[in-house]
Amino acid sequence: MIALAIFIATLTLVIWQPRGLGIGWSAMAGAVVDLAFGIIHWRNIPTVWHIVWNATFTFIALIIISLLLDEAGLFRWAALHVARWGRGRGHILLPLIVLLGAGIAAIFANDGAALLLTPIVMAILLSLAFPPAAALAFIIATGFVADTTSLPLVISNLVNIVSANVFHIGFDRYALVMIPVDIIALLATLAVLGLLYRRTVDRDYAVAALDMPKTAIRDALVFRAAWPILLILLAAYFITAPLGIPVSFVTIIAALLLLAIAARLFTPGRPIIDIRRILQGAPWQVVIFSLGMYLVVYGLRNAGLTDHIAAALQLFAAHGIWTAALGTGILAAVLSSIMNNMPSVLVGALAIEHLPNVAPPIHDAMVYANIIGCDLGPKFTPIGSLATLLWLHVLAQKGTTISWGQYMKIGLLITPPVLIATLAALAVWLPIVGSTAHG
16 MIALAIFIAT
26 LTLVIWQPRG
36 LGIGWSAMAG
46 AVVDLAFGII
56 HWRNIPTVWH
66 IVWNATFTFI
76 ALIIISLLLD
86 EAGLFRWAAL
96 HVARWGRGRG
106 HILLPLIVLL
116 GAGIAAIFAN
126 DGAALLLTPI
136 VMAILLSLAF
146 PPAAALAFII
156 ATGFVADTTS
166 LPLVISNLVN
176 IVSANVFHIG
186 FDRYALVMIP
196 VDIIALLATL
206 AVLGLLYRRT
216 VDRDYAVAAL
226 DMPKTAIRDA
236 LVFRAAWPIL
246 LILLAAYFIT
256 APLGIPVSFV
266 TIIAALLLLA
276 IAARLFTPGR
286 PIIDIRRILQ
296 GAPWQVVIFS
306 LGMYLVVYGL
316 RNAGLTDHIA
326 AALQLFAAHG
336 IWTAALGTGI
346 LAAVLSSIMN
356 NMPSVLVGAL
366 AIEHLPNVAP
376 PIHDAMVYAN
386 IIGCDLGPKF
396 TPIGSLATLL
406 WLHVLAQKGT
416 TISWGQYMKI
426 GLLITPPVLI
436 ATLAALAVWL
446 PIVGSTAHG
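First residue of the sequence shown? That's 16 in the numbering used here, and the numbers climb one at a time after it.
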């Protein structure tokens, strides 16, 4: 009970952030209290660091790349092109915005898609004089697709990276399993959003009112360099996966190269992008948060609380791949909506890791279902992920307020069908591609 109380207090501080208290300091304080009570031990720190370091530094490098490209104008350039492809029809523009969000989430992680694309979409909608109800539909779509389609690659969500590290899933193997599953998640998201908002957004807009895409480009050098760097980066993930090279190494090299180009280290001229501001804006607190929060979660494991999760998972595993996938995914989603997806994914992973006598296909189904549940589950409630809380804060700063009640009403309509369809796709696809002992 002490371990659970420390976890709840830590999570409350992380979500509440009283007086601007950094999430890293709140999480680390919880870990220190766990140490003081003997719930975790000094020997647990290297174990947890081994789990989180690769995920954490990959995430930071991706955010730095995203911030650089945002400052260069790439995301606004892409959004303006998409708005023109809508041909002045709102019901065409909505799925195009969703597809753009899915693409950004796949490469730049869900946080980048939600936090960078949303303000751009809002600005475009303002210039097109969309009424508030229609504008809100696009904003909701942008926020939700960032998470519901953050499955395809290891780098698409911090949850994915953590899970891949725990179960030693290679980048190529993960993509083989999850890209088709993500396509189903995307189609389900499009279908649900279309049913909810097609009439709301079914209005014409003036394409002539849009800025030309080229006007969005602020740093042409970084903009031009981004395309080959991103292509090489994606190729490098697949090439280095069989060699066992951590994805963080590859991502950090790409981030450093892009930073050097933006700083004009290789070319004459003064930098256009403020490099210092980019580095200061990177989520460095995530390093402390990841270690501290996962130490607190490891305290739950040491106190035996994850055994209850394992007991439920054992029941799911005994009834075949469909029950294992659906049961694990739904349980992970519920836990994520209540206790945030970052601790939830490790709770689920620790429980799955120590399940006895589970056949490899069932084990794999539970590993990937845990990821799906922790990627999609946060959309049930605002506290499901820190990215959602930050997204709501960004919206409030832009003059659009979504109450927690309003958010949950939308989340409960959108998330369940997408979650069920995605887990069903996993149950169908995984036997086709086969399984391995550890994913």
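Ideal Cβ placement from N, Cα and C applies to all residues, glycine included.
Next on the checklist: Quick test of your reading: A364 and S178, contact by CB under 8 Å. State the CB separation rounded to the nearest angstrom.
Outcome noted: About 6 Å; that satisfies the 8 Å criterion.
Next on the checklist: Which of the three DSSP states is assigned to D219 in this structure?
Outcome noted: The answer is strand: DSSP assigns D219 an E or B state.
Checklist entry - Are three or more beta carbon pairs between the segment 285-300 and the segment 25-33 nearer than 8 Å? => result As far as the Cβ criterion goes, the segment 285-300 does not touch the segment 25-33, which means the pair count is below three.
Item to check | Neighbourhood of N385 by C-beta distance below 8 Å, restricted to the same chain and skipping five residues each side | outcome: Correct list, in chain order: S178, T343, G344, A347, V360, G363, A364, I367.
Next on the checklist: Whole angstroms are fine: how far does the CA of L306 sit from the CA of L315?
Outcome noted: Distance from the CA of L315 to the CA of L306, rounded to the nearest whole angstrom, comes to 15 Å.
Checklist entry - What are the boundary residues of the alpha helix (DSSP H) that K424 is part of? => result It spans 419-448 - the alpha helix (DSSP H) in which K424 sits, taken as one unbroken run.
Next on the checklist: Quick check on DSSP: helix, strand or coil for R285?
Outcome noted: Under the three-state reduction of DSSP output, R285 falls in the coil class, being neither helix nor strand.
Next on the checklist: Looking at the strands, I want to know which residues DSSP matches up with R104.
Outcome noted: According to DSSP, R104 bridges with D219.
Item to check | Short Cβ contact (8 Å threshold) for L464 with D85 | outcome: Since the displayed the chain opens at 16 and closes at 454, residue 464 lies outside it and no answer follows.
Item to check | Reduced DSSP category for Q329 - H, G, I as helix; E, B as strand; rest coil | outcome: It is helical.
Item to check | CB-CB length for A121 against P167, believed under 8 Å | outcome: Correct: roughly 5 Å between the Cβ atoms.
Checklist entry - A18: which of A402, M354, A436, V311 sits nearest, CA to CA? => result The shortest C-alpha separation from A18 is found at V311.
Item to check | Own chain partners of A46 with C-beta closer than 6 Å, once the 5 adjacent residues on each side are dropped | outcome: Excluding residues within five positions, the ones whose Cβ falls inside 6 Å are G307, L310, V311.
Next on the checklist: Can you give me the C-alpha to C-alpha distance between R102 and V136, rounded to a whole angstrom?
Outcome noted: Going by the C-alpha atoms only, they are around 16 Å apart.
Item to check | Candidates A223, L151, W92, S400, of which the one nearest T416 by Cα | outcome: Comparing Cα positions, the closest option is L151.
Checklist entry - Closest by CA to I426, which one among A251, A436, P397? => result This sequence places Gly at residue 426; Ile is not what is there. Taking only the C-alpha atoms, the option nearest G426 is P397.
Checklist entry - Quick one: what's got a C-beta closer than 6 Å to G454's C-beta in the same chain, skipping five residues either side? => result Caution applies to G454, whose pLDDT of 41 falls short of 50 and renders its modelled position unreliable; the value that the coordinates give is listed next. Taking G454 as the centre and dropping the five residues before and after it, the same chain places the C-beta of F182, I184, D379, V382 closer than 6 Å to its C-beta, in chain order.
Item to check | Opening and closing residue of the alpha helix (DSSP H) in which N385 lies | outcome: Where N385 is concerned, the enclosing alpha helix (DSSP H) starts and stops at 375-391.
Item to check | Other residues of its chain near L432: CB distance less than 7 Å, five sequence neighbours each side excluded | outcome: Residue identity differs from the one stated: residue 432 is Pro in this sequence, not Leu. Cβ within range, chain order: A203, V207.
Next on the checklist: So, at 7 Å on beta carbons, what are the nonlocal neighbours of Y313 in its own chain, with the 5 sequence-adjacent residues on each side left out?
Outcome noted: Cβ neighbours of Y313 beyond the five flanking positions: I55, N59, V63.
Checklist entry - Should A94 and I139 be called a contact, given that it needs their Cβ atoms to be closer than 8 Å? => result Cβ atoms of A94 and I139: closer than 8 Å.
Checklist entry - Out of curiosity, what's the CA-to-CA distance linking R213 and H106? => result In this model, R213 and H106 are separated by some 6 Å (Cα to Cα).
Checklist entry - For F253 versus I176, is the C-beta distance shorter than 8 Å? => result Annotated as distal: F253 and I176, with beta-carbon spacing of 8 Å or more.
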